[in-house]
Amino acid sequence: MKKCFELYKKAVTLDDSYAMGYVGLGYALMMMRQYDEAVAHAERGLKLEPNSADIVCGYANILLYAGGDSIPFLKKAIRLNPKPPNWYLRKYAEALCGTERYAEAILQLKKVIEREPEDIFAHIFLTSAYSMAGREKEARASAGDVLKINPKFSLEQFEKVHPYKDPATKKHLVESLRKAGLK
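Shown next as C-alpha cells:
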C-alpha cells in the first residue's frame, strides 16, 4: 500500500487538479488506517469533480470505512451513473446494513448477483445482511454460495482487507458471517 500511496502522491504533485488522484491517495491512506487524512484528500478530489460518479462513489467508500455518512454520496453516485458498476451497489448495500436497513441492502445485493453471479463480495455482504436481519436459513444458504465461489474463504483474511475505523462495526459484520456458518 505504501507504493500505491507514493504513486498517487506523485500524481497529485504533478497535477493538482487530478481529482481521481486525490481519491486514490485517500484510498491508500484509508488502507493505512489514516482515516482523517484519507477523508481530507478524497474530499479535495470531490471538490474538483463533484459530478463525477466515480469520484463521488470513491469518496463515499472512504467515508463508509471512516465511519461517516456515506449513503447520500452513494445515492448521488448511482444517480449520476444510470448504469452503475456493481461496486457502487455493493457499497450502498454495505452502508445500508450499517444503518440496519437490511431489506434494502438485500435488494441491492441481489441486483449485483443477478448481473454478476460470481461476485464474491456481493455474496459475502448478502450473507451478512440476511444474518443481521435474522433470516438465518437464507444466511446459511448464502454462506454456502460464498464457499462455492471460494472454498478457502477465511474470516481472518476478510477482516484484514476491510479497514473499518470502528472496531465494533467490523466485529458486528464478522459475527454476522460467523453466525451464518463462515469461518
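So for the sequence shown, my numbering puts the first residue at 1113; every next one is plus one. Think of the CB as a built atom: it goes at the ideal place given N, C-alpha and C, for glycine as much as any other residue.
Going by C-alpha distance, which of the options is nearest residue i?
{"i": "Ser1243", "options": "Leu1285, Asp1257, Phe1270, Ser1164", "result": "Leu1285"}
{"i": "Ser1182", "options": "Thr1211, Ala1172, Lys1188", "result": "Ala1172"}
{"i": "Glu1118", "options": "Lys1291, Asp1127, Cys1209, Leu1137", "result": "Leu1137"}
{"i": "Ala1251", "options": "Glu1226, Glu1212, Ala1292", "result": "Ala1292"}
{"i": "Ile1190", "options": "Gly1179, Ser1164, Ser1288", "result": "Ser1164"}
{"i": "Tyr1214", "options": "Arg1156, Ser1288, Asp1166", "result": "Ser1288"}
{"i": "Met1113", "options": "Gly1133, Val1124, Tyr1139", "result": "Tyr1139"}
{"i": "Glu1271", "options": "Asn1262, Thr1281, Pro1263", "result": "Thr1281"}
Near residue i, what residues of its chain come up, given a Cβ to Cβ distance below 6 Å and the 5 sequence neighbours on each side ignored?
{"i": "Tyr1177", "result": "Met1142, Pro1275, Tyr1276"}
Quick one: residues in its chain with C-beta nearer than 8 Å to the C-beta of residue i, no 5 flanking neighbours on either side, listed in chain order?
{"i": "Val1224", "result": "Asn1198, Leu1201, Arg1202, Ala1205, Asp1231, Ala1234"}
Between residue i and residue j, what straight-line distance do the alpha-carbon atoms span, to the nearest angstrom?
{"i": "Leu1153", "j": "Pro1279", "result": "A small correction: the amino acid at residue 1153 is His; Leu does not occupy that position in the sequence shown. The straight-line gap from Cα to Cα measures roughly 23 Å."}
{"i": "Leu1238", "j": "Ile1218", "result": "6 Å"}
{"i": "Gln1269", "j": "Lys1295", "result": "10 Å"}
{"i": "Asp1094", "j": "Gly1180", "result": "Shown here, the chain extends from 1113 to 1295; a query on residue 1094 therefore has no answer."}
Quick one: what's got a C-beta closer than 7 Å to residue i's C-beta in the same chain, skipping five residues either side?
{"i": "Ala1207", "result": "Leu1176, Ser1182, Ile1183, Leu1186"}
Can you tell me whether residue i is helix, strand or coil according to DSSP?
{"i": "Phe1265", "result": "coil"}
{"i": "Asp1128", "result": "coil"}
{"i": "Met1113", "result": "coil"}
{"i": "Asp1278", "result": "coil"}
Run through the segment 1156 to 1216 for me and flag every whole alpha helix (DSSP H) of 4 or more residues, listed as ranges in chain order. 1165 to 1178, 1183 to 1192, 1198 to 1210
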